[in-house]
Structures are given as structure tokens and as C-alpha cells.
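To start, the structure under review is shown below, and the notes come after it.
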Amino acid sequence: MTQNDDLLLARPVRDSQSEMNEIVLPNDANPLGALLGGRLMHWIDLAGALAAHRHSRSYAVTASVDHMDFLVPVHVGDLVILRSSVNRVFRTSMEVGVKAWVENYIVEHSEHVSSAYLTFVAVDKEGRHLPVAPVIPESDEQKRRYEDAGVRREIRRAHSERRRSRA
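Quick note on the numbering used here: the sequence shown kicks off at 781 and runs consecutively.
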């Protein structure tokens, strides 16, 4: 078996699971002391990239981000915890789920801030698309996310087709 063959062997979701932590500092916040939405989006993109890189074992670039809502405010001094994993692989692209939590570690309270589904494409140093190993969902939750990723992909494709037909 060659190294390239080894890269395309299916791997479990747990191998891609990543966690990233950020303390909200004043330069991350608006004048009201609340985390800027764009900063959270940046952190979500980075957390998603961690999972995509881990799974694909290659460079991965962001192709799309699905809808995002900001559910609760996050303030200077809060800890933001971002957890990510690959939900499903589609030849050269991967859907990655990222969930962000805010934790006030002083009062031991945490809340869900936002979730997002991002699509990453594996590429080489020249930007050419690379095939990605399949992902193996193991838990019931991972299997649900795997199936839902297929549905979301069809919705994204249909939306893309509508945009192209209007042009």
C-alpha cells in the first residue's frame, strides 16, 4: 500500500474532532463590550478548518458557509469554545459542523452561541482539488449528521442551479 492509498482509507469522525478555545479580549468586541459577529465567524472558520485538515491530511480551503444565527451575546472576558468535526465527505469536499459555546468560567455557566455548517475542499500546494478519504460515522448523532449533510448538499446544489439559471 502506498502513502496515497493510506490517505484515502476511511476514517472515523472522531479522528477529525477538534476543539479550539478563545478568550474574548477588548479588540474582539464592539463598543458595548460584546463579541463582534465577524470575529466569531472567523473563529468558526478556523475551527472548521482544523477538522477538515485533520481528516483530509491536506490543505483545505473554505468553499461555503451555511446560515448562521447568533443566539446569545458574548462579552469581553468570556471563554468561547468551538467544537468541530467532519460530518460527511463528497469526493474532494467535506461538510464540517462547528458549534460555538460561551463559558463564563467564574460562575461556571455555558450557553450555545452559534452553529454552522461549512464546506471545505481539499487542495494541494497548487490549489488543485484532491480526493478525500470517506468518513465513518459511529454514534447515532454522527449518523444523523452524516445523513443530514447529504440533504443539505442537495439544497446547496439546487440553490446554486437557481442562481446560475438567473444569470
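All C-beta atoms, glycine included, are put in the ideal place defined by N, C-alpha and C.
Looking from the CA of SER919, the closest CA among SER865, ILE935, GLU875 and MET848 belongs to SER865. Taking 8 Å as the upper bound for CB-CB distance, TRP881 and HIS889 are not in contact here, some 11 Å apart. The bridge partners DSSP lists for THR899 are SER844 and GLU875. Put simply, the backbone Cα of ALA913 is about 20 Å away from that of SER844. DSSP places SER890 in the strand class (E or B) of the three-state scheme.
ALA880 has LEU862 and SER894 as its beta-bridge partners, per DSSP. When rounded, the separation of the alpha-carbon atoms in PRO792 and LEU815 is 34 Å. Of all alpha-carbon atoms in ASP846, ARG863 and ARG819, the one lying nearest the alpha-carbon of PRO853 is that of ARG819. A residue is called buried when at least 16 other Cβ atoms come within 10 angstroms of its Cβ; ILE824 meets this threshold and is buried. Under the 10 Å beta carbon count, ARG946 is surrounded by fewer than 16 other beta carbons and is classified as exposed.
Excluding residues up to 5 positions away in sequence, ALA790, ARG791, PRO792, VAL793, SER796, HIS835, VAL866, ASN867, ARG868, VAL869, MET874 and TYR926 lie with their Cβ nearer than 8 Å to the Cβ of VAL915 in the same chain.
Residue environment for LEU830: buried (at least 16 other C-beta atoms within 10 angstroms of its C-beta). SER895 and GLN922 have their C-alpha atoms some 15 Å from each other. Where SER798 is concerned, the enclosing beta strand (DSSP E) starts and stops at 798 to 803. Annotation for TYR926: the continuous alpha helix (DSSP H) segment containing it runs 920 to 946. The beta carbons of ASP849 and LEU898 sit no closer together than 9 Å. Scanning its chain for C-beta atoms nearer than 8 Å, with the 5 sequence neighbours on each side dropped, one finds around LEU859 the residues ASN801, GLU802, ILE803, VAL804, VAL882, GLU883, ASN884 and TYR885, in chain order.
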